[in-house]
Amino acid sequence: MTIAATAEDGASDTIIRTWQRLPGLRALSFVAEPGAASQTGWRGAGRAEITAMPDGDAWRLTERGRFSPAGAARPVAFHNVYRWVRADNRLRLYHERFGTAAAVFLFELVADGRRRLVCRQPHLCGDDVYRGTLELVHDGFDLDWSITGPRKNEHLYYRYRASPIAPNDEIRHDR
0 MTIAATAEDG ASDTIIRTWQ RLPGLRALSF VAEPGAASQT GWRGAGRAEI
50 TAMPDGDAWR LTERGRFSPA GAARPVAFHN VYRWVRADNR LRLYHERFGT
100 AAAVFLFELV ADGRRRLVCR QPHLCGDDVY RGTLELVHDG FDLDWSITGP
150 RKNEHLYYRY RASPIAPNDE IRHDR
């Protein structure tokens, strides 16, 4: 398989359109909100610039930005690398927090309509469960995910865009 996706390979149109957007993404904004059962209380908002690089049959998105924890006096820098791998009619998402060779699998997405991808099945990581939903929008996509476990009940609302996101642009997370 090559980085260039075509409709002839049997993958769904939604998977193809999502895959084709990955190399053009340049900006990220997100909100983190704890749920009622969260013991971490992880709340705040962040923004980052994205660099997309092909890596064999995958795209690696490097995010560098600032996260403003609720109640903190100043933001903190953050850096993430996510690897997106296309496997026929699904996309797999990995977090390279321990490096490329030890990437952590987060979840696999499948098409659920013309604009939406959903978690094929929740991913278990120790006692934590990861789920995600991706919705295509004009200039990128929104990725809403949750992490639940004995101490966690976290909701992350990511907005990936091809163009910069205005500082006062609100993040919608009412889906």
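Numbering (numbering that gives the first Met the number 0), first residue to last: 0 to 174.
We put the CB at the ideal spot given by N, CA and C, even for glycine.
{"Query": "Extent of the continuous beta strand (DSSP E) run through W144", "Result": "139–147"}
{"Query": "Proximity of R115 and L133 at Cβ, strictly below 9 Å", "Result": "yes"}
{"Query": "Cut-off 7 Å between Cβ atoms - residues of its own chain near R63, not counting five sequence neighbours on either side", "Result": "A47, E48, H78"}
{"Query": "Under the three-state DSSP convention, the category T39 falls into", "Result": "coil"}
{"Query": "Residue interval of the beta strand (DSSP E) (run including T61)", "Result": "57–68"}
{"Query": "Counted within 10 angstroms of its Cβ, other Cβ atoms place F97 as buried (16 or more) or exposed", "Result": "exposed"}
{"Query": "Alpha-carbon to alpha-carbon, P33 and D127", "Result": "14 Å"}
{"Query": "Distance CB(P68)-CB(W41) smaller than 9 Å", "Result": "yes"}
{"Query": "Whole-Å CB distance - V80 paired with R65, under 8 Å assumed", "Result": "Rounded, the Cβ-Cβ distance is 17 Å, inconsistent with contact."}
{"Query": "Spatial distance of G9 from I146 (CA atoms)", "Result": "Confidence in G9 is poor, its pLDDT being 34 and thus under 50, which makes the residue's placement too unreliable to answer from."}
{"Query": "Cβ-based burial, H122 [other Cβ within 10 Å; buried from 16]", "Result": "buried"}
{"Query": "Three-way DSSP call (helix, strand, coil) for I15 in this model", "Result": "helix"}
{"Query": "Per DSSP, cross-strand counterpart(s) of R85", "Result": "L90"}
{"Query": "Supposed close pair A110, S11 - CB separation, criterion 8 Å", "Result": "4 Å"}
{"Query": "I2 versus G70 - alpha carbon distance", "Result": "Any reading at I2 must be qualified, since the residue scores a pLDDT of 41, below 50, and its modelled position is unreliable; no value is offered."}
{"Query": "For E153, the nearest candidate out of C124, H94, E95, T39 (CA to CA)", "Result": "T39"}
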